[in-house]
Amino acid sequence: MTRKARKRLEYNEKRLERRDKMLHKDKSNERATVEEVFDQATRLIVFSLLKKGLLYEVNGVVSSGKEARVYWGTTKDSKDLAVKIYLTSSAEFKKGLLKYIEGDPRFKNIKRDTRSLFALWAQKEFRNLEEAYQAKVNVPKPIIVKSNVVVMEFIGKEGKSAPSLKECPPENPERFYKLIVTNIKRLYQKAKIVHGDLSEYNILIWKNKPLIIDMSQSVSIEHPMAKFMLTRDLNNLNKFFSKLNVNVIPIEELHKQVVGKNNDKSP
Ligand SMILES: Nc1ncnc2c1ncn2[C@@H]1O[C@H](COP(=O)(O)OP(=O)(O)O)[C@@H](O)[C@H]1O
Ligand SMILES: [Mg+2]
Numbered sequence: 016m017t018r019k020a021r022k023r024l025e026y027n028e029k030r031l032e033r034r035d036k037m038l039h040k041d042k043s044n045e046r047a048t049v050e051e052v053f054d055q056a057t058r059l060i061v062f063s064l065l066k067k068g069l070l071y072e073v074n075g076v077v078s079s080g081k082e083a084r085v086y087w088g089t090t091k092d093s094k095d096l097a098v099k100i101y102l103t104s105s106a107e108f109k110k111g112l113l114k115y116i117e118g119d120p121r122f123k124n125i126k127r128d129t130r131s132l133f134a135l136w137a138q139k140e141f142r143n144l145e146e147a148y149q150a151k152v153n154v155p156k157p158i159i160v161k162s163n164v165v166v167m168e169f170i171g172k173e174g175k176s177a178p179s180l181k182e183c184p185p186e187n188p189e190r191f192y193k194l195i196v197t198n199i200k201r202l203y204q205k206a207k208i209v210h211g212d213l214s215e216y217n218i219l220i221w222k223n224k225p226l227i228i229d230m231s232q233s234v235s236i237e238h239p240m241a242k243f244m245l246t247r248d249l250n251n252l253n254k255f256f257s258k259l260n261v262n263v264i265p266i267e268e269l270h271k272q273v274v275g276k277n278n279d280k281s282p
């Protein structure tokens, strides 16, 4: 490894450490210091959204997942926003990976590749949300996407997101089950999308209705994995609601109902 490469590696590691420390502090009552929280490229994206007036403040971290962090943001007129940032350099595996690739000319482009991958997920999530929203599926209203950053309606109050089905099982599970089935039907028949990661974690309870989130992995019903993903989604749903003593629709019948007559591609 050349001296220059080693220096860069050391610099990057320090930067990542610093950033991780910042991100794990509870910043819910502060205006986030954008400089310290994000990597350089993401910082520029967030700044451009701030400059355009699409975003006024980025506040605390709402959730920190494997691929994305969700922040509570606000507009100038104090409306809440959810800012989902697909991470570009802080996942644990990347720390490890950087050690092996920095300074190796064969991996000169790996960072950029990862970045475009995250950007692709962000665009995909945005588009899926848009299509679902237009089909009147109960999802957060998508607002804007730029590179690895998706801005959408905030579901919750004062920076606290609405509880998931997992955290807060509904009082009337039959009604919720039916409403979710209606939403999945709409998603399939109107938006022509399969969610693909539907579970009690990705359904929030908001205004006494189920609200579906987390659509980066969702696919078109034409996708070769669509049928498999739909079956998995419906099984997850039935499993969760069976535990709440709902008399769930048998999986084959449910599948038929969701797909509808005109869309059934099975032989
Ligand atoms: N639009 C939103 N409004 C409020 N909270 C949200 C919103 N989107 C996501 N969250 C919060 O962030 C968490 C993770 O978001 P999600 O989209 O499921 O990402 P992940 O891929 O990390 O699971 C959710 O469980 C929820 O608590
Ligand atoms: Mg999720």
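In the numbering used here, the protein residues as written are 16 to 282.
Think of the CB as a built atom: it goes at the ideal place given N, C-alpha and C, for glycine as much as any other residue.
Check: residue i C-beta below 8 Å from any heavy atom of ligand 2
i    : result
G320 : Here the chain comprises residues numbered 16 to 282, so residue 320 is not present and cannot be evaluated.
Buried versus exposed call for residue i [16 or more other C-beta atoms within 10 Å across all chains shown]
i    : result
S257 : exposed
E182 : exposed
G88  : buried
S162 : buried
K81  : exposed
F108 : The predicted position of F108 is uncertain, since its pLDDT is 46 and thus under 50; a value taken from the coordinates is nonetheless stated next. With fewer than 16 other Cβ atoms within 10 Å, it is exposed.
M230 : buried
N153 : buried
M167 : buried
E146 : buried
Option nearest residue i by Cα separation, candidates the options
i    : options                   : result
S93  : R84, N74 and Y216         : N74
G174 : L259, F53, L69 and A97    : A97
N198 : K161, Q272, V165 and A56  : Q272
V76  : I60, K99 and A56          : K99
P264 : I195, Q232 and S235       : The question names Pro, yet the displayed sequence has Ile at residue 264. The residue with the shortest Cα to Cα distance from I264 is I195.
A150 : P225, I208 and E186       : I208
P188 : S63, P225, N251 and M167  : P225
E140 : A177, K193, V234 and Y216 : V234
T90  : L102, Q232 and E72        : E72
Y192 : K276, K254 and G275       : K254
R337 : N260, I266 and T57        : The shown model of the chain, from 16 to 282, leaves out residue 337, and the question about it has no answer.
Per DSSP, the bridge partner or partners of residue i
i    : result
D95  : T89
L226 : L219
S179 : L219
K161 : V164
Y203 : None, per the DSSP bridge assignment.
A83  : Y101
K172 : K175
Residue i: CB within 8 Å of a non-hydrogen atom of ligand 1
i    : result
A147 : no
K94  : no
A56  : no
A97  : yes
S233 : no
P155 : yes
L194 : no
A150 : no
F169 : yes
V164 : no
A177 : yes
L245 : no
Any chain D beta carbon closer than 9 Å to residue i
i   : result
V77 : The structure shown contains no chain D, having only a single protein chain.
Relative to ligand 2, what is the chain-ordered list of residues with a Cβ closer than 5 Å to any of its non-hydrogen atoms? N217 and D229
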